[in-house]
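Residue numbering for the sequence shown is 11 to 262, as defined by the working numbering.
We treat Cβ as the ideally placed atom computed from N, Cα and C, and that holds for glycine.
First up is the structure itself, then whatever we jot down about it.
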Amino acid sequence: MTSLDPNSALSPLPPLKSFSLTHILYDPTHPLSIPLTLLSLSPIFLFVSYFTLLIFTRRLTILLLALGQVGNEVLSWILKRLLKGDRPYIGHGEVGTGYGMPSSHSQAAGFLVAWGIGYSLTLAKRGVASKHSEGRLVLVRKARNGIYVFGLIVWSIGVSYSRWHLHYHSPIQVIAGYTAGLIAGSAYFILTEYLPLHYPTSLLGKIHGGLENLWEGVGGVGGWALGDAKGGWGEGWLISGAMPLEKGKKKQ
């Protein structure tokens with residue numbers, strides 16, 4: 011027995027515990043286990059993507075989406091403690107010791123699907139997909155948006171299925187989580203994007219406009235001039251004293 015033996019009183023390490031957020035068990039004999047394990051982890055990677063997009067695009071929409079996903083996780087946490095549904099394999103702590111109803115991973119996937127579809131349907135209103143575009147450009151944009159939405163739906167179904175395949179949730183828990191995510195994502199998109207976009211003079215529209223003005227005034231997040239995202243945090247008109255581009259144009 012050496013000092014490195016975990017059972018030894020002389021062991022230099024304290025009792026260690028697995029970080030369950032990224033700890034997933036899988037059946038090594040099943041050919042789909044590893045791909046589904048990676049899919050199951052992908053909702054966590056979303057926040058890395060949001061942070062990256064915030065740095066490089068500095069768009070308020072991305073910040074609101076990230077905050078919505080955080081809020082959706084809080085909602086899932088509340089629902090689990092209200093419903094108190096056991097996981098399908100009671101007593102097997104390896105696959106989760108907390109409540110299993112609803113599946114938070116499925117809820118995260120459903121949230122992003124609802125938000126993504128809503129965003130795709132409002133592209134024309136945002137000026138991204140102009141109604142006056144002609145010929146192949148219209149077809150390319152429609153096909154591209156269709157591919158994006160289809161891929162998003164397939165991804166979300168894969169994430170949800172992985173939670174059942176890996177024995178972390180029952181089918182009803184997966185369906186409940188996905189449904190809750192769809193409802194939460196739709197409601198959040200309507201409140202933070204659809205209504206401010208279509209009704210800018212409404213209360214929500216004015217709040218969104220004020221936040222956007224403040225966001226541009228501070229300079230968003232990040233500090234690299236990549237693509238069309240010029241400047242960075244602290245370079246907005248509110249801090250630097252420089253007038254917004256639109257106001258500067260009007261004065262000339």
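| query | result |
| --- | --- |
| Taking V231 as the reference, give the member of S50, P53, H40, F66 with the closest Cα. | F66 |
| To the nearest angstrom, report how far apart F61 and L77 are at their CA atoms. | 11 Å |
| Which residue marks the beginning of the alpha helix (DSSP H) containing E245, and which one marks its end? | Per DSSP, E245 belongs to no alpha helix (DSSP H) and is neither H nor E. |
| State the Cα-Cα distance for the pair G219 and P206, rounded to the nearest angstrom. | 8 Å |
| Where A124 and Y188 are concerned, what is the direct C-alpha to C-alpha distance, given to the nearest angstrom? | 10 Å |
| With three or more C-beta pairs closer than 8 Å as the rule, is the stretch 107-116 touching the stretch 182-197? | yes |
| Between L131 and the rest of its own chain, which residues show a CB-CB distance below 6 Å, the 5 nearest in sequence each way excluded? | none |
| Going by other Cβ atoms of all chains shown within 10 Å of its Cβ, with 16 needed for buried, is F121 buried or exposed? | buried |
| Helix, strand or coil: which one does DSSP assign to S59? | helix |
| Select from A134, G242, W247, G108 the residue whose C-alpha is nearest the C-alpha of R69. | G242 |
| Helix, strand or coil for S113? Go by DSSP, reduced to three states. | coil |
| Quick check on this structure: which residue in F199, S180, A194 has the alpha carbon closest to the alpha carbon of Y99? | S180 |
| Determine the contact status of L224 and L201, defining contact as a CB-CB distance below 9 Å. | no |
| Determine the closest residue to I163 out of W174, N82, G128, G108, with distance taken between C-alpha atoms. | G128 |
| Go through its chain and collect everything with a Cβ distance to S166's Cβ below 6 Å, but skip five positions before and after it. | A119, V123 |
| Can you give me the Cβ contacts of L93 inside the same chain, cut-off strictly under 6 Å, excluding the 5 residues immediately before and after it? | M111 |
| Taking 7 Å as the limit between beta carbons, can you name the residues of its chain near S50, skipping five residues before and five after? | I34, H115, V169, S172, R173, L176 |
| Quick one: measure Cβ to Cβ for L73 and L64, integer angstroms, because I've assumed they're closer than 8 Å. | 6 Å |
| Please state the DSSP three-state secondary structure of P274. | As displayed, the chain neither begins before 11 nor continues past 262, which places residue 274 out of reach and without an answer. |
| Can you tell me which of L147, G195, V184, G126 puts its alpha carbon nearest to the alpha carbon of G161? | G126 |
| Excluding the 5 residues flanking L85 on each side, which residues of the same chain have their C-beta closer than 8 Å to its C-beta? | Q117, A190, A194 |
| Can G81 and Y204 be called in contact, C-beta distance under 9 Å? | no |
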